[in-house]
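Asks:
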Amino acid sequence: MKAPSAQPSSRKLIGELIVVTLALLVAGHILYRFRGAAVVGPAVSTIVAVLFLYAPVIVLWVRRRPIDFLDRGWTAWRRSLLTFLIVAIVIFPLFFLVAHFWQVYVWHRMDFHWASFPNLLHTAAFQIVLVALPEEFYFRGYFQSTMDAICKKRWRLFGVDLGWAWIITAVIFAIAHTLIVFRWWHFSIFFPALVFGWLRERTGSITAPILFHATSNLLMDWFARCYL
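To get my numbering, take the position in the sequence shown, counting from 1, and add 787.
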């Protein structure tokens, strides 16, 4: 096992983040551009997920830095789960209110009906394994942790010390979605990304962000179909 190396300079960490992130986004963009191809299409989500998981693992291993953003043991995992549940109870009612006005005033969909949710388990597994896990592993795990080593924590929000790493990660997270597949509304991803980042700092791991991320996607998908 490799011994931990000395903490690299901020300049080297920034350079590392730029190179790795741009490489992943370019690869993701190319893959989605050719998702209509017979070879790429069926596996594009899996390939992108693997890239966002393995790229930071390889970088951290080469740089001899630990993966210190995973829960270790039942106690830590239970704490993350409890934090997720509490934040979900607080946030999601507001989430539905904002989503309602989004549907009415942005998409001009006025009639709400209670949509069904077919293939819930399959969709939930997809959102957790191929969306939330790789994205949170990279952005809240690797990226935000690395930014925390660069930026001092200057503010305290709801009992959590935060700094520019929190803001910058949320901005890059939103931009990354647009660079891979352009959607005009991707700017709005910045706001839930702030919650993901807060959860990561609160719990010290990415378990709660993964759960909140996947749940947000599932609920937004269902809520949008309630206005079709």
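For every residue, glycine included, the Cβ atom is placed at its ideal position computed from N, Cα and C.
This structure is a prediction, so every number in the text was calculated from the model and none was measured.
1) Excluding the 5 residues preceding and the 5 following Gly928 in the sequence, name in chain order all residues of the same chain whose CB lies nearer than 6 Å to its CB.
2) Nearest-angstrom Cα distance between Ala842 and Val807?
3) May I ask you to report which of helix, strand or coil DSSP gives Leu857?
4) Assign Met897 to one of two classes, buried (16 or more other C-beta atoms within 10 Å of its C-beta) or exposed (fewer than that).
5) Kindly list the residues whose CB is nearer than 6 Å to the CB of Ala995, restricted to its own chain and excluding five residues on each side of it in sequence; keep chain order.
6) What is the rounded straight-line gap between the Cα of His1000 and the Cα of Arg798?
7) What's the C-alpha gap between Ala912 and Leu998?
8) Alpha carbon to alpha carbon, what distance is there between Ser932 and Cys761?
9) So Glu988 and Leu949 are supposed to be a Cβ contact under 8 Å. How far apart are they, rounded?
10) Let's see if you can read the secondary structure: which residues bound the beta strand (DSSP E) around Asp948?
11) With three or more beta-carbon pairs closer than 8 Å as the criterion, would you say the region 877-894 touches the region 1001-1013?
12) From what residue to what residue does the beta strand (DSSP E) around Lys940 run?
13) If I follow the unbroken alpha helix (DSSP H) through Ile845, where does it start and stop?
14) For Arg851, count neighbouring C-beta atoms within 10 Å of its own C-beta (all shown protein chains included) and say buried if the count is 16 or more, exposed if not.
15) Does the structure place the region 879-893 close enough to the region 951-967 that three or more beta carbon pairs sit under 8 Å?
16) Apart from the five residues just before and just after Ile955, which ones in its own chain have a Cβ nearer than 8 Å to its Cβ?
17) Could you compute how far the alpha carbon of Trp861 sits from the alpha carbon of Arg822?
18) Would you report the Cα separation of Ile805 and Leu812, rounded to the nearest angstrom?
19) Checking 8 Å against the spacing of the C-beta atoms, do Glu803 and Val846 come in under that value?
20) Please name the residue, chosen from Ala830, Val968, Phe888 and Arg970, that lies closest to Phe899 on a Cα-to-Cα basis.
21) Let's test the definition: count the other Cβ atoms within 10 Å of the Cβ of His909 and tell me whether it reaches 16, buried, or not, exposed.
22) Whole angstroms are fine: how far does the CA of Trp901 sit from the CA of Phe945?
Replies: A quick look at the data gives this:
1) Here the question's residue 928 lines up with position 141 in the sequence shown. Only Phe856 and Ile993 meet the Cβ criterion.
2) Residue numbering aside, residue 842 sits at position 55 when the sequence shown is read from its first letter. Residue numbering aside, residue 807 sits at position 20 when the sequence shown is read from its first letter. Rounded to the nearest angstrom, the two C-alpha atoms are 8 Å apart.
3) Numbered from its first residue, the sequence shown carries residue 857 at position 70. Note: Leu857 maps to coil in three-state DSSP.
4) The residue labelled residue 897 in the question sits at position 110 within the sequence shown. The residue is exposed, with fewer than 16 neighbouring Cβ atoms inside 10 Å.
5) One-based indexing of the sequence shown puts residue 995 at position 208. Cβ neighbours of Ala995 beyond the five flanking positions: Ser867, Thr870, Phe871 and Leu986.
6) Looking up residue 1000 in the sequence shown gives position 213. Looking up residue 798 in the sequence shown gives position 11. Their Cα atoms are separated by approximately 31 Å.
7) Translated into the one-based positions of the sequence shown, residue 912 becomes position 125. Translated into the one-based positions of the sequence shown, residue 998 becomes position 211. Those two C-alpha atoms are separated by around 11 Å.
8) A query on residue 761 cannot be resolved here, the shown segment of the chain reaching from 788 to 1015 and no further.
9) Your numbering for residue 988 matches position 201 in the sequence shown. Your numbering for residue 949 matches position 162 in the sequence shown. Rounded, the Cβ-Cβ distance is 6 Å, consistent with contact.
10) Indexing the sequence shown from 1 puts residue 948 at position 161. Where Asp948 is concerned, the enclosing beta strand (DSSP E) stretches over Val947 to Gly950.
11) yes
12) The count along the sequence shown starts at 1 and reaches residue 940 at position 153. Residues Lys940 to Leu944.
13) As a first step, residue 845 is located in the sequence shown; it is residue number 58 there, counting from the start. Note, Ile845: alpha helix (DSSP H), Val831 to Val849.
14) Here the question's residue 851 lines up with position 64 in the sequence shown. Arg851 should be labelled exposed.
15) no
16) Looking up residue 955 in the sequence shown gives position 168. Cβ within range, chain order: Met934 and Cys938.
17) Locating residue 861 in the sequence shown gives position 74, counting from the first residue. Locating residue 822 in the sequence shown gives position 35, counting from the first residue. Spanning the two alpha carbons is a distance of roughly 39 Å.
18) One-based indexing of the sequence shown puts residue 805 at position 18. One-based indexing of the sequence shown puts residue 812 at position 25. Taking the straight line from one Cα to the other gives about 10 Å.
19) Here residue 803 corresponds to residue number 16 of the sequence shown, with the count starting at 1. Here residue 846 corresponds to residue number 59 of the sequence shown, with the count starting at 1. In this structure, Val846 lies closer than 8 Å to Glu803 by Cβ.
20) Your numbering for residue 899 matches position 112 in the sequence shown. Measuring from the Cα of Phe899, the nearest candidate turns out to be Phe888.
21) As a first step, residue 909 is located in the sequence shown; it is residue number 122 there, counting from the start. With fewer than 16 other Cβ atoms within 10 Å, it is exposed.
22) Reading the sequence shown from its first residue, position 158 is the one you call residue 945. Reading the sequence shown from its first residue, position 114 is the one you call residue 901. Cα to Cα, Phe945 sits roughly 34 Å from Trp901.
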